[in-house]
Amino acid sequence: MKVALVHDWLVTHRGGERVLDALCELFPSADLYTLIHQPGSQPARIENRRITTSFLQHIPGIHSRYRHFLPLFPRAIEALRITGDYDLVLSSSHCVAKGIHAPPGVPHLSYVHAPMRYMWDLFDEYFGPGRTRLPVRAAALAVRPYLQHWDRTSTQRVSRIVANSRHIAGKIRRFWDREASVVPPPVELERFTQVPLEGGGQGGYFLWLGAFAPYKRLDVALEAFRGLDTPLWVVGTGQEASRLTSGPLPPHIRFLGNVPDSALPALYRDARALLFTPEEDFGITPLEAQATGRPVIAFGKGGALETVTPKTGLFFQEQTPASLAAAVRQFDAWERSFRPEDARAQAERFSRARFQQAIQAEVDALLSVSRPSPAV
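Residue numbers (the UniProt record's numbering): 1 to 376.
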């Protein structure tokens, strides 16, 4: 079977790209189509194949400034032509990848990480007061109706939609008026289950890990820990780095920047708990933490409700520093009943093999209705 894979952009290697890597393993000879590609940004399984990019690739400095060109993304993905004799188009989409034009008669399965979140329910998280400059907010408000319309109508080109969580399936129903099956994304369990369960939490710190994007709400954790006499270690960087790190912070809050992937299992294992502050589409980090046998303190909305259980974590109900601080204070008593083996068992439900088997079943289901019935 000849497959064309489509992904929004290849600039960093995060959760969406880890899903793409699993798809590349499932379809090792597939070609790849994307808006832009920064060579060397991906592992070999992604890099070592034919990659076709859009006209945006030729804009000077695009790899660091691509977010500024969001209004052009629909035009760019529609102009990106899939050429060749393919049996299937399979897109991995959190922005515009699902809007590509598949060749006539070729079924298109789209694995959706989220509708265009910054134009729908999380608009203010990206463009609200204090989040960006007034001219940027004004421009975002101006293009929002167009991008919402395109995001909704372009789904008509998709034969079958798979969401990464029940939370996102609900958004797809609400924003696009489409139904979606659900296949959770894979977790690289092998890296994290290699660390022993014994001795977890000995570092004494709480851990926040992720991209410094507006909706990730690192600001909630920083403000909460200003009033807590307990260590917070922060791993990551991103577009909000200068804003979040510019002011004075107490000495028990420590920024580690980006750390090598090889260091993450030990960071998780030595933490008392992972803090998960966003309303996330799904959220890989809570499962990575649980795979190392550590609990999670998570905001009680979104994908975390599908990955963290009352046995493996605590939820705070408001996305505020006060609500998170209250949960951290409750943690001492809750921690006495926590069992690391429960956390690891929960994570193991989200293996790479299970993801690939489920995607193959979705592909088979789509192709079974796309093929003409045999002549009688």
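Even glycine gets a Cβ: it sits at the ideal position worked out from N, Cα and C.
Please read all numbers here as calculations on a predicted model, not as lab measurements.
Buried or exposed: where does residue i fall if 16 or more other Cβ atoms within 10 Å of its Cβ makes it buried?
i: Tyr146; result: exposed
i: Pro374; result: Annotation note: pLDDT 40 at Pro374 (below 50); position unreliable, no value reported.
i: His108; result: buried
i: Ser337; result: exposed
i: Asp8; result: buried
i: residue 378; result: The chain is shown from 1 up to 376; residue 378 falls before or after that span and cannot be answered.
i: Gly199; result: exposed
i: Val369; result: exposed
i: Leu209; result: buried
i: Leu122; result: buried
i: Pro260; result: exposed
i: Arg329; result: exposed
i: Ser246; result: exposed
i: Leu141; result: exposed
i: Gly302; result: buried
i: Pro321; result: buried
i: Val3; result: buried
i: Arg352; result: buried
i: His58; result: exposed
i: Ala365; result: exposed
I believe residue i touches residue j by the beta-carbon criterion, under 8 angstroms. Please report the beta-carbon distance rounded to the nearest angstrom.
i: Tyr111; j: Ser92; result: 5 angstroms
i: Ile62; j: Leu56; result: 6 angstroms
i: Lys98; j: Thr155; result: 7 angstroms
i: Tyr86; j: Pro60; result: Their Cβ separation, rounded to whole angstroms, is 32 angstroms, which puts Tyr86 and Pro60 out of contact at 8 angstroms.
i: Pro214; j: Tyr126; result: 5 angstroms
Expressed to the nearest angstrom, what Euclidean distance is found between the alpha-carbon atoms of residue i and residue j?
i: Leu5; j: Ile77; result: 13 angstroms
i: Ala358; j: Pro251; result: 46 angstroms
i: Leu249; j: Leu218; result: 13 angstroms
i: Gly170; j: Asp177; result: 10 angstroms
i: Arg254; j: His37; result: 33 angstroms
i: Arg49; j: Asp124; result: 38 angstroms
i: Asp189; j: Ala138; result: First, the amino acid is wrong: residue 189 is Leu here, not Asp. Cα-Cα distance, rounded: 43 angstroms.
i: Met1; j: Phe212; result: 39 angstroms
i: residue 434; j: Ala266; result: In the structure displayed, the chain extends from 1 to 376; residue 434 sits before or after that span and is not available.
i: Arg133; j: Thr277; result: 24 angstroms
i: Gly40; j: Glu335; result: 42 angstroms
i: Arg131; j: His68; result: 15 angstroms
i: Glu348; j: Phe355; result: 12 angstroms
i: Gly33; j: Asp332; result: The amino acid occupying residue 33 in the given sequence is Tyr; Gly does not appear at that position. Answer to the nearest angstrom: the Cα atoms are 49 angstroms apart.
i: Ser64; j: Val106; result: 34 angstroms
i: Val234; j: Gly15; result: 18 angstroms
i: Leu275; j: Arg294; result: 11 angstroms
i: Leu197; j: Gly300; result: 26 angstroms
i: Ile51; j: Leu256; result: 34 angstroms
i: Asp151; j: Leu244; result: 31 angstroms
i: Asn258; j: Ala79; result: 35 angstroms
i: Ile46; j: Glu179; result: 30 angstroms
i: Ala271; j: Val143; result: 43 angstroms
i: Lys311; j: Pro129; result: 38 angstroms
Relative to the C-alpha of residue i, which candidate in the options has its C-alpha closest?
i: Thr83; options: Asp31, Pro310, Gly40; result: Asp31
i: Pro186; options: Asp364, Leu10, Glu17; result: Glu17
i: Ala343; options: Gly313, Glu240, Ala327; result: Gly313
i: Arg75; options: Ser64, Val3, Arg45, Leu35; result: Leu35
i: Ile161; options: Val183, Gly303, Lys2; result: Val183
i: Ala114; options: Val195, Val96, Gln319; result: Val96
i: Ile100; options: Pro214, Phe73, Thr245, His68; result: Phe73
i: Phe350; options: Val158, Val19, Leu10, Arg14; result: Val19
i: Val11; options: Gln42, Phe27, Arg173, Tyr33; result: Gln42
i: Phe175; options: Arg157, Val195, Gln194, His149; result: His149
i: Ala263; options: Ala333, Phe192, Ala221; result: Phe192
i: Ala44; options: His13, Ala142, Val195; result: His13
i: Gln346; options: Pro135, Pro286, Pro103, Ile59; result: Pro286
i: Leu324; options: Arg243, Glu335, Phe355, Arg226; result: Arg226
i: Phe316; options: Val296, Asp332, Ala333; result: Val296
i: Gln319; options: Gly130, His58, Leu222; result: Leu222
i: Ala298; options: Asp270, Leu367, Val220; result: Val220
i: Val158; options: Leu256, Leu88, Arg352; result: Leu88
i: Ala224; options: Asn258, Leu256, Ala327; result: Ala327
i: Thr53; options: Arg81, Asp270, Arg65; result: Arg81
i: Gln194; options: Lys311, Arg173, Glu179, Tyr268; result: Tyr268
i: Val363; options: Arg352, Arg294, Tyr66, Ser181; result: Ser181
i: Met116; options: Glu179, Gly128, Ile172; result: Ile172
i: Leu367; options: Lys311, Leu90, Ala271, Asp270; result: Leu90
i: Trp120; options: His94, Val136, Pro129; result: His94
Does the beta carbon of residue i come closer than 8 angstroms to any beta carbon on chain C?
i: Leu147; result: Considering every chain present, this structure includes no chain C. It has just one protein chain.
Segment contact, 8 angstroms Cβ cut-off, at least three pairs: the region 226 to 233 with the region 202 to 212
yes
Evaluate contact between the region 155 to 169 and the region 271 to 284, counting only Cβ atoms and requiring at least three cross-stretch pairs below 8 angstroms.
yes
Stretch pair the region 239 to 246 + the region 293 to 309: three plus CB contacts closer than 8 angstroms
no
The region 339 to 356 in contact with the region 290 to 297 per 3-pair CB rule at 8 angstroms:
yes
Please confirm if the region 355 to 369 is in contact with the region 19 to 30, defined as three or more CB-CB distances below 8 angstroms between the two stretches.
yes
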